[in-house]
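Student: Here the sequence shown is numbered in the working numbering, starting from 68 and rising by one per residue. Right, I'll just put the structure down here and ask away after.
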Amino acid sequence: MTTAVNTVDSSEAAVQERIARLEHDFGDLDDPGNPLGAQQFLAADEHRRLLPAAERLLDAFGLNAEFVPRELGGRLDRLDALARVLRAVFRRDAALGLGYGLTSYLAAVVVWAGGTARQRRDTAELLLDDGRMACAYPEPPQGNDFLRNRLTAEPDGAGGYRVSGRKEALNNTAHARALVMFAHTPDGLSAFLSPGPAHPAGRDLELLPRRPTVGVRGCAIQGLALDGHRLDAGALIGAPGGGARLAELVFPLTRSAGLSMALGCADTALRTTTAFARSHRSRSRASLHSARTRTALVDAFADLLVCDCLSLVATRAPHLLPRESRTLGAVAKYLLPTILNEAMDDLSIVLGAEAYAASGSYGIFQKTARDLPMIGLGSAGASASRAVIIAQLLRLPTLAPPGGTEEFAGLFRPFDAALPPCRPEENALAPERDSLLGSLEESARHAAGPLEEAAAVLVRHARALSDACEELAARPAGRPVSPRAYALADRYALLAAGAACLGVWRHRPARGFLADPVWAAMALTRIACRLDKSVGRVPAAGLDRMLAELLHRFDDARSYDLYATAIGR
């Protein structure tokens, strides 16, 4: 079946309409009679497969069009909008979001960034025909052992290449009609576009046994073995030996988007825990009458807002600050899994034994708890992302002083659709300044009332970080970076998240929840407490206001992020 894609309206209203349609089609996750409800997704997870009814729904919706640029007939023109649409899928099942959605995007974006006109056209046609893709990304030295292996490609003397080697863990491999591969050639690392195992021309590819995983059990993760697999000259993406640079160009487009989508998973976990707390009698330690329960729910809500502020900045940076997008994407990939997994741990305490339930009203929580850590895996895991951050720390003393924030104010405006196109060729260029961190002091000057104390803590730590980076960069040539750089990378990531929250607050809309300072105060306090344990909590009135908003969104079926999106009912 070929997806019909009409002329696309890139306005915010059009994005919201697509999300609303997808949420409506999925329906209420908690409805036991819904064929796309939680119990059906849990059953599919138990059988280690994607829910067929959900795959058919995404076919009918034309989800693959979200991964195809508008000029090639798709809907892709904003990374933040792409992530928001996919949150509706991840809200139900991370395996579905990865197996049907994100994996194809990770492969296709390489073609969009470096492919020929024909490769781009062929890839667009494949995706718009509901085809799927897989990608064998290069593994950096700091990457995950789970994926460490390599491919080699030797010229065959007739203009093509012979590819050999193994990749032990690829998602979506068996269903892929096209495969993007990075292989080592005599010219260096190169990228290739090959028919996949699901394509008639790729049936000679050897699929290795499926690897069972604890999380995202519906994803068919298995390896691929190649022994002299021939690719013609037209399979090369970009220049021979240009694979490393190509991977560097696309990482800012993948690191941030994937983790932003994952907020849909965390949203479901918080919603499930809220339902559990509301169902308990007043004397129960798990009820909303318990201060511990109220605090856990509000803290998790604030953490989701922190993550969404950072996700917003990281997904809009390739449009507005491409030279800085590599660092911001790495910060998102590094920090978000930590915050989200810690929030899951805190929520599991509220649920108690129900956090381990495999079925029933709260069974979706344990599935989400297993799935979330898997989303952070990939060729660019935490160690690789931290290496990018440390490189930025060493560079920080030499960067130009920050300018005013108005020139990139769109970075902080979640409903602003007026973004220039991504410029992937600029993603690998050295940054001239650190605009986000540099905006911290300017934004903090606008903080007052409940925001003031936490903002002051962030400014103090930012100044200390600047001094520490001067010392770090002054090391003698050839000497390894001090182990202290790891702690500084943690601090930098938290300060970047704080600057993102302050920026969203400063450029807030005139009305609605985001215009209320209490959310920003709570978000900044959560970050400040991670930097300095002596920081006090938000006043009780602020906690009550956050709890009221959380319960309102629960009753009104709205998401726990910056957008308060209406979810399926």
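Every residue gets a Cβ at the ideal spot worked out from N, C-alpha and C, and that includes glycine.
Are three or more beta carbon pairs between the region 538-551 and the region 386-399 nearer than 8 angstroms?
Tutor: Output reads no: the region 386-399 does not touch the region 538-551.
Student: In its own chain, which residues sit with a C-beta less than 7 angstroms from the C-beta of T382, not counting the 5 before and 5 after it?
Tutor: Within the sequence shown, residue 382 is the residue found at index 315, counting from 1. Correct list, in chain order: L146, D147, A150, S323, A324, S327.
Student: When you compare each of A344, Y204, S354 to G290 by their alpha carbons, which one comes out closest?
Tutor: Counting from one through the sequence shown, the residue named residue 290 turns up at place 223. Nearest of A344, Y204, S354 to G290, Cα basis: Y204.
Student: Considering only residues of the same chain and omitting the five flanking positions on each side of L313, which have a CB-CB separation below 6 angstroms?
Tutor: Counted from its first residue, the sequence shown places residue 313 at position 246. Answer for L313: G181, A258, G305, listed in chain order.
Student: Which whole-angstrom value describes the C-beta separation of S261 and L246, a residue pair presumed to lie in contact below a C-beta threshold of 8 angstroms?
Tutor: Mapped onto the sequence shown, residue 261 falls at position 194. Mapped onto the sequence shown, residue 246 falls at position 179. Rounded, the Cβ-Cβ distance is 5 angstroms, consistent with contact.
Student: To the nearest angstrom, how far is the alpha carbon of L618 from that of G477?
Tutor: Within the sequence shown, residue 618 is the residue found at index 551, counting from 1. Within the sequence shown, residue 477 is the residue found at index 410, counting from 1. Answer to the nearest angstrom: the Cα atoms are 30 angstroms apart.
Student: I need the boundaries of the alpha helix (DSSP H) containing R338, first residue and last residue.
Tutor: On the sequence shown, residue 338 is found 271 positions in, with the first residue counted as 1. Run containing R338: 330-345, per the alpha helix (DSSP H) assignment.
Student: State whether the region 523-542 contacts the region 505-513, with contact taken as three or more CB pairs (one from each stretch) at a distance under 8 angstroms.
Tutor: Flag = yes, the region 523-542 and the region 505-513 touch.
Student: Assign E616 to buried or exposed, taking buried as 16 or more other Cβ atoms, counted over all protein chains shown, within 10 Å of its Cβ.
Tutor: As a first step, residue 616 must be located in the sequence shown, where it is residue number 549. Looking at its Cβ environment, which holds 16 or more other Cβ atoms inside 10 Å, E616 is buried.
Student: Counting Cβ pairs closer than 8 angstroms, one from the region 475-490 and one from the region 434-442, do we hit at least three?
Tutor: Cβ pair count under 8 angstroms is below three, so no.
Student: Please report the straight-line C-alpha distance between N239 and T321, rounded to a whole angstrom.
Tutor: If you number the sequence shown from 1, residue 239 lands on position 172. If you number the sequence shown from 1, residue 321 lands on position 254. So the two alpha carbons sit approximately 17 angstroms from each other.
Student: Could you check if S392 is buried or exposed, using at least 16 other CB atoms within 10 Å of its CB as the buried criterion?
Tutor: For the purposes of this step, residue 392 is taken as the residue at position 325 of the sequence shown. The residue is buried, with at least 16 neighbouring Cβ atoms inside 10 Å.
Student: Run through DSSP, which three-state label would S257 get?
Tutor: Position 190 of the sequence shown, counting from 1, holds the residue named residue 257. Strand.
Student: Exposed or buried, what is F24 when buried is set at 16 or more other beta-carbons lying within 10 Å of its beta-carbon?
Tutor: Outside the modelled stretch of the chain, which goes from 68 to 636, sits residue 24, for which no answer is possible.
Student: Report the rounded CA-to-CA distance for V373 versus V455, giving the unit in angstroms.
Tutor: As a first step, residue 373 must be located in the sequence shown, where it is residue number 306. As a first step, residue 455 must be located in the sequence shown, where it is residue number 388. Distance between the alpha carbons of V373 and V455: 21 angstroms.
Student: Roughly how many angstroms separate the alpha carbons of E519 and L143, rounded to a whole number?
Tutor: Stepping through the sequence shown from its first residue, residue 519 is reached at position 452. Stepping through the sequence shown from its first residue, residue 143 is reached at position 76. Those two C-alpha atoms are separated by around 39 angstroms.
Student: Can you find the residues in the same chain that come closer than 6 angstroms, C-beta to C-beta, to Q209, ignoring five residues on each side of it along the sequence?
Tutor: Stepping through the sequence shown from its first residue, residue 209 is reached at position 142. Because the pLDDT of Q209 is 46, which lies under 50, any placement of that residue in the model is unreliable, and the question is left without a value.
Student: For the alpha helix (DSSP H) containing C376, name the first residue and the last one.
Tutor: Locating residue 376 in the sequence shown gives position 309, where the first residue counts as 1. Taken as a continuous stretch (DSSP letters only), the alpha helix (DSSP H) holding C376 covers 358-387.
Student: Could you pull out every residue in the same chain whose Cβ sits closer than 8 angstroms to the Cβ of A495, ignoring the five residues on either side in sequence?
Tutor: For the purposes of this step, residue 495 is taken as the residue at position 428 of the sequence shown. So the qualifying residues of the chain are R312, E315, L316, R393.
Student: Mind reading off the beta-carbon distance from R278 to A236? Whole number of angstroms is fine, and I expect it under 8 angstroms.
Tutor: Stepping through the sequence shown from its first residue, residue 278 is reached at position 211. Stepping through the sequence shown from its first residue, residue 236 is reached at position 169. With a Cβ gap of about 6 angstroms, R278 and A236 count as contacting.
Student: Nearest CA to the CA of S354: which residue from F318, G419, R597, D412?
Tutor: Within the sequence shown, numbered from 1, the residue matching residue 354 stands at position 287. The shortest Cα separation from S354 among F318, G419, R597, D412 belongs to G419.
Student: Could you tell me whether the region 185-193 touches the region 110-125, using the rule of 3 or more Cβ pairs below 8 angstroms?
Tutor: Result no; under three Cβ-Cβ pairs closer than 8 angstroms.
Student: If we ignore side chains and look at the alpha-carbon of each, how far apart do G269 and Y167 end up?
Tutor: In the sequence shown, the residue the question calls residue 269 occupies position 202. In the sequence shown, the residue the question calls residue 167 occupies position 100. Cα to Cα, G269 sits roughly 20 angstroms from Y167.
Student: Does A203 come out as helix, strand or coil in the three-state DSSP assignment?
Tutor: Within the sequence shown, residue 203 is the residue found at index 136, counting from 1. Three-state result, A203: strand.
Student: Is the distance from the Cβ of A225 to the Cβ of A250 below 7 angstroms?
Tutor: Translated into positions along the sequence shown, residue 225 becomes position 158. Translated into positions along the sequence shown, residue 250 becomes position 183. Cβ atoms of A225 and A250: not closer than 7 angstroms.
Student: Pull up the distance between the alpha-carbon of T170 and that of F157, whole angstroms please.
Tutor: Reading the sequence shown from its first residue, position 103 is the one you call residue 170. Reading the sequence shown from its first residue, position 90 is the one you call residue 157. T170 and F157: Cα-Cα distance of roughly 13 angstroms.
Student: Quick check: what's the CA-CA separation for P222 versus D294?
Tutor: Here residue 222 refers to the residue found at position 155 when the sequence shown is read from its first residue. Here residue 294 refers to the residue found at position 227 when the sequence shown is read from its first residue. Going from the Cα of P222 to the Cα of D294 covers about 14 angstroms.
Student: Over the uninterrupted alpha helix (DSSP H) stretch that includes V178, give me the two end residues.
Tutor: Residue mapping note: residue 178 aligns to position 111 of the sequence shown, counting from 1. It spans 170-181 - the alpha helix (DSSP H) in which V178 sits, taken as one unbroken run.
Student: Would DSSP call R229 helix, strand or coil?
Tutor: Counting from 1 along the sequence shown, the entry for residue 229 is found at position 162. In this structure, R229 counts as strand in the three-state DSSP scheme.
Student: Starting from D534, follow the alpha helix (DSSP H) in both directions and report where the run begins and ends.
Tutor: The residue labelled residue 534 in the question sits at position 467 within the sequence shown. Unbroken alpha helix (DSSP H) run through D534: 519-540.
Student: Any chance the region 397-404 sits against the region 554-570, with 3 or more Cβ pairs inside 8 angstroms?
Tutor: In short, these stretches touch, since the Cβ pair count reaches three.
Student: Considering just the uninterrupted stretch of the beta strand (DSSP E) at T219, what are its terminal residues?
Tutor: As a working note, residue 219 is residue 152 in the sequence shown. Here the beta strand (DSSP E) through T219 covers 218-222.
Student: Can you say whether A201 is buried or exposed, counting buried as having 16 or more other CB atoms within 10 angstroms of its CB?
Tutor: Reading the sequence shown from its first residue, position 134 is the one you call residue 201. With 16 or more other Cβ atoms within 10 Å, it is buried.
Student: So what does DSSP say about G565, is it helix, strand or coil?
Tutor: Along the sequence shown, one-based indexing puts residue 565 at 498. G565: helix per DSSP, three-state reduction.
Student: Sorted by chain position, which residues of the same chain lie with C-beta nearer than 7 angstroms to P307's C-beta, five sequence neighbours on each side aside?
Tutor: Taking the first residue of the sequence shown as position 1, residue 307 is located at position 240. Here the set comprises T252, D254, S257.
Student: What would DSSP say about V75, mapped onto helix, strand or coil?
Tutor: As a working note, residue 75 is residue 8 in the sequence shown. For V75, the predicted structure reports a pLDDT of 41, less than 50, and the residue's modelled location is therefore unreliable. A value from the coordinates is still provided. Note: V75 maps to coil in three-state DSSP.
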